[in-house]
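Sequence order for the protein chains is F and E.
Per the UniProt record's numbering, residue 1 is the first one in the first sequence, and the count goes up by one each step.
Per the UniProt record's numbering, residue 1 is the first one in the second sequence, and the count goes up by one each step.
Taking it in order: structure first as structure tokens, then the write-up.
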Amino acid sequence: MGSDEQAIARVRSDPRYAALVRRRSRLGWALAALMVAAFLGYILLIAFDKALLAAPIGAGVTSVGIPVGFGLILLAVALTGLYVARANGRYDAELAAILADARA
Amino acid sequence: MRRLVVALALIAPVPLLAHAIGPATRQPVNWTAIGLFALFVALTLWITKVAASRTRTAADFYTAGGGITGFQNGLAMAGDYMSAASFLGISAQIFSDGYDGLIYSTGFLVGWPLMLFLMAERLRNLGRFTFADVASYRFAQPPVRSFAAVSTLLVVSFYLIAQMVGAGQLIKLLFGLPYAYAVVIVGALMMLYVLFGGMRATTWVQIIKAVMLLAGATFMAVMVLAKFGFSLEALFARAVAVKTDLALATGSTPGEAATKGRSIMGPGNFIKDPVSAISFGLALMLGTAGLPHILMRFFTVPDARQARKSVLWATTWIGYFYVLTFVIGFGAIVLVATDPSYLEDGALRGGGNMAAIHLAHAIGGNAFLGFISAVAFATILAVVAGLTLSAASAVSHDLYATLIRKGQATSAEELRVSRLTTLALGALAVLLGILFETQNVAFMVSLAFALAASGNFPVLVLSLLWGGCTTRGAAWGGSIGLLTAFGLTILSPAIWVTILGHAAAPFPYTSPAIVSVPAGFLAIWLISLLDTSPRAAIDKAGYPDQRVRSETGIGAFSASDH
Numbered sequence: 001m002g003s004d005e006q007a008i009a010r011v012r013s014d015p016r017y018a019a020l021v022r023r024r025s026r027l028g029w030a031l032a033a034l035m036v037a038a039f040l041g042y043i044l045l046i047a048f049d050k051a052l053l054a055a056p057i058g059a060g061v062t063s064v065g066i067p068v069g070f071g072l073i074l075l076a077v078a079l080t081g082l083y084v085a086r087a088n089g090r091y092d093a094e095l096a097a098i099l100a101d102a103r104a
Numbered sequence: 001m002r003r004l005v006v007a008l009a010l011i012a013p014v015p016l017l018a019h020a021i022g023p024a025t026r027q028p029v030n031w032t033a034i035g036l037f038a039l040f041v042a043l044t045l046w047i048t049k050v051a052a053s054r055t056r057t058a059a060d061f062y063t064a065g066g067g068i069t070g071f072q073n074g075l076a077m078a079g080d081y082m083s084a085a086s087f088l089g090i091s092a093q094i095f096s097d098g099y100d101g102l103i104y105s106t107g108f109l110v111g112w113p114l115m116l117f118l119m120a121e122r123l124r125n126l127g128r129f130t131f132a133d134v135a136s137y138r139f140a141q142p143p144v145r146s147f148a149a150v151s152t153l154l155v156v157s158f159y160l161i162a163q164m165v166g167a168g169q170l171i172k173l174l175f176g177l178p179y180a181y182a183v184v185i186v187g188a189l190m191m192l193y194v195l196f197g198g199m200r201a202t203t204w205v206q207i208i209k210a211v212m213l214l215a216g217a218t219f220m221a222v223m224v225l226a227k228f229g230f231s232l233e234a235l236f237a238r239a240v241a242v243k244t245d246l247a248l249a250t251g252s253t254p255g256e257a258a259t260k261g262r263s264i265m266g267p268g269n270f271i272k273d274p275v276s277a278i279s280f281g282l283a284l285m286l287g288t289a290g291l292p293h294i295l296m297r298f299f300t301v302p303d304a305r306q307a308r309k310s311v312l313w314a315t316t317w318i319g320y321f322y323v324l325t326f327v328i329g330f331g332a333i334v335l336v337a338t339d340p341s342y343l344e345d346g347a348l349r350g351g352g353n354m355a356a357i358h359l360a361h362a363i364g365g366n367a368f369l370g371f372i373s374a375v376a377f378a379t380i381l382a383v384v385a386g387l388t389l390s391a392a393s394a395v396s397h398d399l400y401a402t403l404i405r406k407g408q409a410t411s412a413e414e415l416r417v418s419r420l421t422t423l424a425l426g427a428l429a430v431l432l433g434i435l436f437e438t439q440n441v442a443f444m445v446s447l448a449f450a451l452a453a454s455g456n457f458p459v460l461v462l463s464l465l466w467g468g469c470t471t472r473g474a475a476w477g478g479s480i481g482l483l484t485a486f487g488l489t490i491l492s493p494a495i496w497v498t499i500l501g502h503a504a505a506p507f508p509y510t511s512p513a514i515v516s517v518p519a520g521f522l523a524i525w526l527i528s529l530l531d532t533s534p535r536a537a538i539d540k541a542g543y544p545d546q547r548v549r550s551e552t553g554i555g556a557f558s559a560s561d562h
């Protein structure tokens, strides 16, 4: 058994690993679902209610669709940032601890 | 129909719009642009020389030795993705229809977060050189690697032809040089970068191009906004007034003209039927996460941490770029559509794609026009080099080193095969680029995206996340996804009606993705489920181990030969 196989066996039996992977994938799937829902919602809104997006905000010409479209771009960047902050911060620190123990 | 072609053209990182909106008229020879472009080429060739001296192993060649940082890789990914079509095509779309351009932009962007949430770290942890490393990790190598290599070559070929034709059209438009010159120049330069500099040179070409494009677009957007006291509302109001006046001038009644003017602030004709729209959105979203040359970029960073950062940077830059494009498009309505020197018979001089180019002249004179033209052309070079590298890797690493030589090939032998492949691909790309000059290549690009979304994406997701996936399921199911996308594209209006001349298309939607993506997933699932071969038992038994490796990075290739 190589050192990698041993480490893998130890990691697999570590309850902290199972918990970490569960939380990380739950976050990933939740954010993915949010992104897909937002995009498909936007497309369906365009398909079924163009007038809503074309309606001006207040007295100006800027339409509701402008903040909605820009908002979707911002949302994509924000969700990405959220995941990276969480995964590269807390999750990576937890993972490093698990790996250190598995290799000890 | 024209709108369909425009829609298809826009998903390509190439200036296909030149093709879709009338022929690209040859412009007077633009010496400033050629000079600036020559400067870009000189700089990147110098980098290639430096990179060449450091390219010794296959790992250097494919993945720049894994030494690219997340920030650099994010820029390079953005450079690979922010295309001449995004820049010229979307700003032209906004110039003519206003708001609709923003819909494309969002579609282009949302694939990136998905790639991060579901794939990025696992790809990096399991992969070494190509995405086939990941897809075939716990499977029998020959079937899955052959599938991945074939699918890579298919996706890349369709893309590459479109790029070459786009390059020819663009250079005719911007530099005033003949079409064939452009194709040969692009082919030759692309071969130089890839042959001698490998991934290190290709990455730097993409980074430099991304920085130039972002800087140029920022300058344009700031100059436009400065004319309106940095008020978007003032810019939009002026654009609506301009569109209203134009409608009045072409004989509309005041009521109609006001409606036409207002129409640029809301969604127009882009989305007529929801099924096509969703299908098209699926292809954009999932295709991005299945493009071999984008996936390959995950292996150039040292670890999962940097892989995640790359996607964050790529998403940020691309999102920022699309916001700029929106301002640029509206700026062109105000500054270009009202200036007779940019018009010819009531249309844009040089074709619809020229909106951003004319705007560059309007705000920065000839020098800035030259700069933007050079950037637009550099864009194609960067994308073409990335594509060629991923195809060369599929041949040398997946087919030659792993399948034919069963992992016994030396680094030097593998390198020789990738260079030979690059030469062959370069020659083929030039030849096909010239042959396809007058063909409408938009469907090839839509096909490339649909193939990536229906074959590569399901195989990657299921092999990474589902323990029940087997060799047979991945290889056959992935192939079924590919074939469904291929078949439905042929039966769709773009080919069946427009090219083959039949009256009605059996498959009525713009993009096959809404059927072919589920077909790919379903086929892999069903075939794996029914697979009772001895190999299936091995595949399933290998999953827990693969899962730990993919989640933790234990035993991950450091992407360099030791």
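Ideal Cβ placement from N, Cα and C applies to all residues, glycine included.
CB of residue i within 8 angstroms of CB of residue j, strictly
i: residue 31 of chain F; j: residue 117 of chain E; result: yes
i: residue 514 of chain E; j: residue 477 of chain E; result: no
i: residue 8 of chain F; j: residue 549 of chain E; result: yes
i: residue 134 of chain E; j: residue 420 of chain E; result: no
i: residue 517 of chain E; j: residue 453 of chain E; result: yes
i: residue 492 of chain E; j: residue 471 of chain E; result: no
i: residue 425 of chain E; j: residue 379 of chain E; result: no
i: residue 293 of chain E; j: residue 386 of chain E; result: yes
i: residue 355 of chain E; j: residue 91 of chain E; result: yes
i: residue 129 of chain E; j: residue 393 of chain E; result: yes
i: residue 161 of chain E; j: residue 436 of chain E; result: yes
DSSP-derived helix/strand/coil call for residue i
i: residue 56 of chain F; result: strand
i: residue 291 of chain E; result: coil
i: residue 344 of chain E; result: strand
i: residue 63 of chain F; result: strand
i: residue 274 of chain E; result: helix
i: residue 453 of chain E; result: helix
i: residue 555 of chain E; result: coil
i: residue 239 of chain E; result: helix
i: residue 73 of chain E; result: helix
i: residue 49 of chain F; result: coil
i: residue 544 of chain E; result: helix
i: residue 351 of chain E; result: coil
i: residue 93 of chain F; result: helix
i: residue 419 of chain E; result: helix
i: residue 207 of chain E; result: helix
i: residue 535 of chain E; result: helix
i: residue 21 of chain E; result: Residue confidence is low: residue 21 of chain E scores 39 on pLDDT, short of 50, so the model does not pin down where it sits. No coordinate-derived value is stated.
i: residue 563 of chain E; result: An answer regarding residue 563 of chain E cannot be provided, because it is not within the stretch 1 to 562 covered by chain E.
i: residue 113 of chain E; result: helix
i: residue 88 of chain F; result: helix
i: residue 411 of chain E; result: helix
Where the alpha helix (DSSP H) through residue i begins and ends
i: residue 146 of chain E; result: 141-174
i: residue 3 of chain F; result: 3-12
i: residue 91 of chain E; result: 91-97
i: residue 191 of chain E; result: 179-192
i: residue 124 of chain E; result: 121-126
i: residue 49 of chain E; result: 31-53
i: residue 61 of chain E; result: 58-63
i: residue 395 of chain E; result: It is not in any alpha helix (DSSP H) - residue 395 of chain E carries neither H nor E in the DSSP assignment.
i: residue 322 of chain E; result: 304-335
i: residue 131 of chain E; result: 131-135
Nearest neighbour of residue i, chosen from the options [CA to CA]
i: residue 60 of chain E; options: E:180, E:546, E:299, E:341; result: E:299
i: residue 521 of chain E; options: E:152, E:233, E:286, E:265; result: E:286
i: residue 192 of chain E; options: E:46, E:123, E:152; result: E:46
i: residue 264 of chain E; options: F:43, F:42, F:102, F:54; result: F:54
i: residue 203 of chain E; options: E:414, E:65, E:355; result: E:65
i: residue 507 of chain E; options: E:197, E:189, E:552, E:275; result: E:275
i: residue 177 of chain E; options: E:29, E:463, E:444, E:130; result: E:29
i: residue 108 of chain E; options: F:18, F:35, F:16; result: F:35
i: residue 172 of chain E; options: E:102, E:497, E:34, E:119; result: E:34
Contact set between the segment 540-558 of chain E and chain A, restricted to residues whose Cβ is under 9 angstroms from the partner: Chain labels in this structure do not include chain A; the protein chains are F and E.
Sequence ranges, alpha helix (DSSP H) only - wholly within the segment 217-264 of chain E, length at least 4: Runs of the alpha helix (DSSP H) inside the segment 217-264 of chain E: 232-249, 254-263.
3-residue-minimum beta strand (DSSP E) runs that sit fully inside the segment 440-527 of chain E, ordered along the chain: Whole beta strand (DSSP E) segments, 3+ residues: zero.
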